[in-house]
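Engineer:
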Amino acid sequence: MERCSRFAMALTMALAAFGCTKERTGGDTAPAAGGSASAEAKPPARAKVGLVTKTDSNPFFVTLREAARAEAGKLGADFVALAGKFDGDNDGQVTAIENLVQQGVTTILITPNSSTGVLGAIKKARDKQVLVIALDTETDPPSAVDATFATDNTAAGRNQGAYVKAALGAKAPDLIMLDGTPGSSVDTQRHTGFLQGIGMADGDAHIRGRQSVNGDQNKAQQSMENLLQRSPKINAVYTLNEPTARGANVALKAKGLADSVVVGSIDGGCQGVQDVKEGKYAVTVMQFPKKMAELGVDAAVEFAKSGKKPSGFQDTGSMVITDKPVAGVESKDTAWGLENCWK
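Heads up: the sequence shown runs through residues 1 to 343, numbered per the UniProt record's numbering.
#1: From this set, 325, 342, 336 and 339, which residue's C-alpha is nearest residue 165's C-alpha?
#2: Give me the residue from 214, 120 and 149 with the minimum Cα distance to residue 317.
#3: So, does the segment 206–223 touch the segment 238–251, judging by three or more C-beta pairs under 8 Å?
#4: I'd like the ranges of any alpha helix (DSSP H) spanning at least 4 consecutive residues and lying wholly in the segment 234–274.
#5: Classify residue 221 as helix, strand or coil using the three-state DSSP reduction.
#6: Compare the Cα-Cα distances from residue 116 to each of 105, 91 and 171 and report the closest residue.
#7: If you follow the beta strand (DSSP E) that residue 78 is in, where does it begin and where does it stop?
#8: With a threshold of 16 other CB atoms inside 10 Å of the CB of residue 160, please say whether the residue is buried or exposed.
#9: Contact check, residue 113 vs residue 57 under 8 Å by CB: the rounded distance?
#10: According to DSSP, is residue 216 helix, strand or coil?
#11: Around the C-beta of residue 206, are 16 or more other C-beta atoms found within 10 angstroms, so that it is buried, or is it exposed?
#12: Count the CB pairs spanning the segment 291–305 and the segment 64–79 that are closer than 8 Å, and state whether there are at least three.
#13: By a C-beta neighbour count over all protein chains shown, 10 Å radius and 16 as the cutoff for buried, is residue 45 buried or exposed?
#14: Measuring straight from C-alpha to C-alpha, what distance separates residue 202 and residue 222?
#15: Distance, Cα to Cα, residue 264 vs residue 128?
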């Protein structure tokens, strides 16, 4: 019995030792194999870029979209473009952001309809480690996104206002203002800059009328017609963008006022530059959406590759375009404008 007992004990210890060896060996080799398989399965860094514009029909946003698509193709990045249904469609942009996050984009480039209307959706995207860059339009606060690539819209508005003031000469301005979308930083900044440039303030008695037209040509024409009925004796018009300026021109022309009123605008589209050349309005301030789009996609690709994020506001520049230059305002003529405009 004692010999059997000793034999049983030895057998038990041997089996226990064998079991421990097997468990330890498995523990050593399994993580190594798993780590190797994980490393082999990891794909090369590739950017997937989503673009959300205010609309998909405005020529400015068409240029932005096509420039971003071309840059993404050149750099080997995937690209998806979505848009709101109309200027001011915040809900549509929120849905677009959520859609892009579900599709697994690494970066979202957005021209927000409202400076505050999409902040919740942007935060959710950033919480999921998606890089978010604003193009053309700042958020409020600017820190709601990682970076902004845009025109300094206050400076662009200021240059428009300075030009109109100089073009009026000794005449005091009797002004109508056709604004954009209320709550948009672009609307606020251009409006504020224009008043700084012309030397006026909100509430000034020389502002004969003001209307928000959401950057739409038809709304601008209708609003201009209504405002002219109340204040027919004007000599200056501020417009947020070139479609607005075209609408204003139609209304002014119908009243026989087109040649006696100084109309200023901002955009720099080829149609807008051609409008200035044809005398439909006196001046436009050119932006560079192609540059905005390319910088945004470049940053998206770098982020996917290295994790490096851009930060802060980066001014993509602007230029006054007119064939009637004035003292004190740097400008280029429409020939230069047509060579550098966007379509």
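Heads up, the beta-carbon is just placed ideally off N, CA and C, and yes, glycines get one too.
Structural biologist: In short, the structure shows the following:
#1: Here residue 165 is taken as the residue at index 165 of the sequence shown, counted from 1. For the residues 325, 342, 336 and 339, the minimum Cα distance to residue 165 belongs to 325.
#2: Looking up residue 317 in the sequence shown gives position 317. For residue 317, the closest C-alpha among the options 214, 120 and 149 is that of 149.
#3: Here the segment 206–223 lies against the segment 238–251, with 3 or more beta-carbon pairs under 8 Å apart.
#4: The qualifying runs are 242–254.
#5: In the sequence shown, the residue the question calls residue 221 occupies position 221. Helix, per DSSP.
#6: Here the question's residue 116 lines up with position 116 in the sequence shown. When C-alpha distances from residue 116 are compared across 105, 91 and 171, the shortest belongs to 91.
#7: Along the sequence shown, read from residue 1 onward, the residue named residue 78 stands at position 78. Counting along the chain, residue 78 sits inside the beta strand (DSSP E) bounded by residues 78–83.
#8: If you number the sequence shown from 1, residue 160 lands on position 160. By the 10 Å Cβ count, residue 160 comes out buried.
#9: Residue mapping note: residue 113 aligns to position 113 of the sequence shown, counting from 1. Residue mapping note: residue 57 aligns to position 57 of the sequence shown, counting from 1. Not really, about 14 Å apart at Cβ, beyond 8 Å.
#10: In the sequence shown, counting from the first residue as 1, residue 216 sits at position 216. Here residue 216 sits in coil by DSSP.
#11: In the sequence shown, the residue the question calls residue 206 occupies position 206. Looking at its Cβ environment, which holds fewer than 16 other Cβ atoms inside 10 Å, residue 206 is exposed.
#12: Of all C-beta pairs linking the segment 291–305 to the segment 64–79, three or more are shorter than 8 Å, placing the two stretches in contact.
#13: Here residue 45 corresponds to residue number 45 of the sequence shown, with the count starting at 1. Under this definition residue 45 is an exposed residue.
#14: Translated into the one-based positions of the sequence shown, residue 202 becomes position 202. Translated into the one-based positions of the sequence shown, residue 222 becomes position 222. Straight across, the Cα-Cα distance linking residue 202 with residue 222 is about 23 Å.
#15: As a position in the sequence shown, residue 264 is number 264, starting the count at 1. As a position in the sequence shown, residue 128 is number 128, starting the count at 1. Rounded to whole angstroms, residue 264 and residue 128 show a C-alpha spacing of 43 Å.
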